[in-house]
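Encoded as structure tokens, the structure appears first; notes follow it.
In the numbering used here, the protein residues as written are 27 to 124.
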């Protein structure tokens, strides 16, 4: 079975941070976002993300590379079975690995 080496989506899991005088302080809140920008991202980077409450900063804890054809076929079957959208399914999959 041939697996694609192409990245399907990149998701980052991070912890919300608040600005303080000399930098940032992490909170206990975490979430997952899809990262679609060109610059590379590594754990420890601070990103500005859109949330329901507006734009906030997160500290990246983990990066998930959701890849091509074989995995997409499996995910498609699971998505059809669960009735979730593709984005909801991918986010749930990344959150479950916390």
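Cβ coordinates follow ideal geometry from the N, Cα and C atoms, glycine included.
The structure displayed is predicted, hence computed values, not measured ones.
As summarised for the stretch 47-86, the continuous beta strand (DSSP E) elements at least 3 residues long and confined to that stretch are 49-60, 72-77, given in chain order.
Comparing alpha-carbon positions, the option among 36, 51, 88, 37 lying closest to residue 82 turns out to be 51. Residue 60 and residue 37 have their C-alpha atoms some 4 Å from each other. If you draw a straight line from the Cα of residue 66 to the Cα of residue 41, it is about 18 Å long. Looking only at 43, 90, 48, the smallest Cα-Cα distance to residue 54 is reached by 43.
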